[in-house]
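A.B. asks:
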Amino acid sequence: MPHGKEIFHAGNADLGRLHESRWQWLEQASGPAVALPTEYPDGYHVPQHRHSRSQLLHALVGVVLVTTRHGRWMVPPDHAMWIPAGTEHSVEMLGDVSMRSVYVMPQSIPGLPEGLRVVGVTDLMHSLIVESEKLPQGGVLEGRGGLIMNLLLHEIPTLPERPLGLPFPSDPRLAALCRRFVAAPSPHATIDEWADAAGMSRRSFTRAFQRQTGLSLSTWRQQACLFAALPRLADGEPITRVALDLGYDSVPAFITMFKRMLGSSPRGYMRGARDSGEGIRRPSGSLRLESP
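Read in order, the letters of the sequence shown correspond to residues 1 to 292 in UniProt numbering.
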C-alpha cells in the first residue's frame, strides 16, 4: 500500500505518480481516520485535486500554502489546515516540508468543521498526530491504536482557529490592486490612493472592499504583510530585515502589528508556545473568505 514514509520522501523523483496511487488507496481505505506522513522538497507543488475524506494537513517542519477557489491559506509550523471532503485544492511547499496529514471520513464524529480553516496545533494534538502515523493504516483499529485515533478525532473540533486566510474581492479592479499589493506589500499605502486607482470615491471603495472581503483595507493589508513575512521568518531570516523590507519604519512597529494580528511576537509565534514560553492566545474572530 503506497502510504509509507519511506516511499513518500523528498528524494523520490516521481511524487506525482505516487500521489495518484495514494489517493486511489485512500478511496479504498476503511476506518474513520487515516494518518499519513510525507516529506517534500522546497518548491514542490501538489496540483489541484480532491478526495472523499476531509484532510487535517499539518506541517511538522516548513511552511505550506494551500489554494482553493475560495482563497489562499498560509500554514506555518505548529499549525494545520482543515480541508473539508470534496474541496478542490492545491498545495505549495515553501521550504523543505515534513507533512503529516490525517484523512477523516465525513460525519465520523459530531462537530467537525464545515469550512476551510487554519487551526493552531495544541501539544496534545501534536503528540496524537505523531503517534497516529506509527499505527497500522487503512482499517478499523482497536485497543490502544483505536483509543489514539478516537481521541485525535475528538480533538479536531476544539483546535483554535487562526486568521491566516487572505480573501480577495470579486470586483476585478479591486482584485488587481490586491494582487499588486501582494507582489510588493507595504504598510504605507492609503485608502485614498487605492480608491483613486480603482476610480472610486473613498466611501464607495471602503464599502465595496468591506462587503467583498469581510475586512477593512487596513486589516487586509496587515494580513497580506503577514503572508509575505511568515515564509521568510520560518526560513530563519532576521526579524529586522523582514520588517524593513516590508516597508515598516521600525522593528517595534512590525512586532506590534504581528502581535495584534496573531497574538504573539514573531519569534514566539514561529517557535510555538512549547519552546518560547509565550502563550499564543486564540484570535477573537476568523476571516470570511470570498472567491478571488
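No residue lacks a Cβ here, since even glycine has one placed at the ideal position from N, Cα and C. On a predicted model such as this, the values are computed, not experimentally measured, just so you know.
Residue 281 to residue 237, Cα distance in whole Å?
C.D. replies: Taking the first residue of the sequence shown as 1, we reach residue 281 at position 281. Taking the first residue of the sequence shown as 1, we reach residue 237 at position 237. For residue 281, the pLDDT reaches just 32, beneath the cut-off of 50, and the residue's location in the model is therefore unreliable, leaving the point undetermined.
A.B. asks: Given that a residue counts as buried once 16 or more other Cβ atoms are within 10 Å of its Cβ, and exposed if not, what is residue 106?
C.D. replies: Walking along the sequence shown from the start, residue 106 turns up at place 106. Per the 10 Å Cβ criterion, exposed.
A.B. asks: Taking the alpha-carbon positions, what's the residue 202 to residue 193 distance?
C.D. replies: If you number the sequence shown from 1, residue 202 lands on position 202. If you number the sequence shown from 1, residue 193 lands on position 193. Roughly 9 Å separates the two Cα atoms.
A.B. asks: Taking all protein chains shown into account, do 16 or more other C-beta atoms lie within 10 angstroms of the C-beta of residue 37, making it buried, or fewer, making it exposed?
C.D. replies: What you label residue 37 is simply residue 37 of the sequence shown in a count that begins at 1. Buried is the call here.
A.B. asks: Taking only three categories from DSSP, how would you classify residue 39?
C.D. replies: Start at 1 with the first residue of the sequence shown, and residue 39 comes out as number 39. Note: residue 39 maps to strand in three-state DSSP.
A.B. asks: Which same chain residues, not among the five before or five after residue 232, have their C-beta less than 6 Å away from its C-beta?
C.D. replies: The residue given as residue 232 occupies position 232 in the sequence shown. Answer for residue 232: 242, listed in chain order.
A.B. asks: Excluding the 5 residues flanking residue 84 on each side, which residues of the same chain have their C-beta closer than 6 Å to its C-beta?
C.D. replies: Here residue 84 refers to the residue found at position 84 when the sequence shown is read from its first residue. Excluding sequence neighbours, residue 84 sits near 54.
A.B. asks: Nearest CA to the CA of residue 156: which residue from 200, 130, 110, 27?
C.D. replies: For the purposes of this step, residue 156 is taken as the residue at position 156 of the sequence shown. Residue 156 has its Cα closest to that of 110, out of 200, 130, 110, 27.
A.B. asks: Where residue 134 and residue 94 are concerned, what is the direct C-alpha to C-alpha distance, given to the nearest angstrom?
C.D. replies: By one-based count along the sequence shown, residue 134 stands at place 134. By one-based count along the sequence shown, residue 94 stands at place 94. When rounded, the distance between both Cα atoms is 26 Å.
A.B. asks: If residue 230 sits next to residue 74, beta carbons under 8 Å apart, how far is it from one beta carbon to the other, in whole angstroms?
C.D. replies: Counting from one through the sequence shown, the residue named residue 230 turns up at place 230. Counting from one through the sequence shown, the residue named residue 74 turns up at place 74. Their Cβ separation, rounded to whole angstroms, is 5 Å, which keeps residue 230 and residue 74 in contact under 8 Å.
A.B. asks: Under a three-way DSSP split, which group does residue 9 fall into?
C.D. replies: Your numbering for residue 9 matches position 9 in the sequence shown. Unreliable positioning characterises residue 9 in this predicted model, as indicated by a pLDDT of 46, which lies under 50. The coordinate reading is nonetheless provided below. Three-state DSSP puts residue 9 in coil, outside helix and strand.
A.B. asks: So, does the segment 176–189 touch the segment 141–154, judging by three or more C-beta pairs under 8 Å?
C.D. replies: Cβ pair count under 8 Å is below three, so no.
A.B. asks: Could you give the uninterrupted runs of the alpha helix (DSSP H) lying entirely in the segment 14–92, keeping only those of 4 residues or more?
C.D. replies: As far as the segment 14–92 is concerned, its whole alpha helix (DSSP H) runs of at least 4 residues are 15–28.
A.B. asks: If you check the beta carbons only, do residue 129 and residue 100 fall under 8 Å apart?
C.D. replies: Stepping through the sequence shown from its first residue, residue 129 is reached at position 129. Stepping through the sequence shown from its first residue, residue 100 is reached at position 100. For residue 129 and residue 100, yes; Cβs fall inside 8 Å.
A.B. asks: Mind checking residue 115: buried by the 16 CB within 10 Å criterion, or exposed?
C.D. replies: Reading the sequence shown from its first residue, position 115 is the one you call residue 115. It is exposed - the Cβ of residue 115 has fewer than 16 other Cβ atoms within 10 Å.
A.B. asks: DSSP has residue 120 in a bridge; who is on the other side?
C.D. replies: For the purposes of this step, residue 120 is taken as the residue at position 120 of the sequence shown. In DSSP, residue 120 forms a bridge with 79.
A.B. asks: Suppose you measure from the CA of residue 265 to the CA of residue 258; what does that come to, to the nearest Å?
C.D. replies: As a first step, residue 265 is located in the sequence shown; it is residue number 265 there, counting from the start. As a first step, residue 258 is located in the sequence shown; it is residue number 258 there, counting from the start. Taking the straight line from one Cα to the other gives about 6 Å.
A.B. asks: In the DSSP assignment, the alpha helix (DSSP H) including residue 146 goes from what residue to what residue?
C.D. replies: To locate residue 146, count along the sequence shown from 1; it is residue 146. That run of the alpha helix (DSSP H) goes 143–155.
A.B. asks: Excluding sequence positions up to five away, which residues of its chain have a Cβ less than 8 Å from the Cβ of residue 246?
C.D. replies: Working through the sequence shown from its first residue, we reach residue 246 at position 246. So the qualifying residues of the chain are 185, 186, 187, 225, 228, 229, 254.
A.B. asks: Going by other Cβ atoms of all chains shown within 10 Å of its Cβ, with 16 needed for buried, is residue 288 buried or exposed?
C.D. replies: As a first step, residue 288 must be located in the sequence shown, where it is residue number 288. Low per-residue confidence applies at residue 288: pLDDT is 27, beneath 50, and the placement is therefore not dependable, though the value from the model is reported in the following sentence. The residue in question, residue 288, is exposed, as its Cβ has fewer than 16 Cβ neighbours within 10 Å.
A.B. asks: Have a look at 200, 223, 125, 221 and flag the residue whose alpha-carbon is nearest the alpha-carbon of residue 158.
C.D. replies: For the purposes of this step, residue 158 is taken as the residue at position 158 of the sequence shown. Among 200, 223, 125, 221, the Cα nearest to that of residue 158 is on 125.
A.B. asks: Assign residue 250 to one of three DSSP states: helix, strand, or coil.
C.D. replies: Sequence index remark: in the sequence shown, residue 250 carries index 250 (1-based). In this structure, residue 250 counts as coil in the three-state DSSP scheme.
A.B. asks: Pick from 82, 210, 28, 86: whose alpha carbon is nearest that of residue 51?
C.D. replies: The residue given as residue 51 occupies position 51 in the sequence shown. The option with the nearest alpha carbon to residue 51 is 86.
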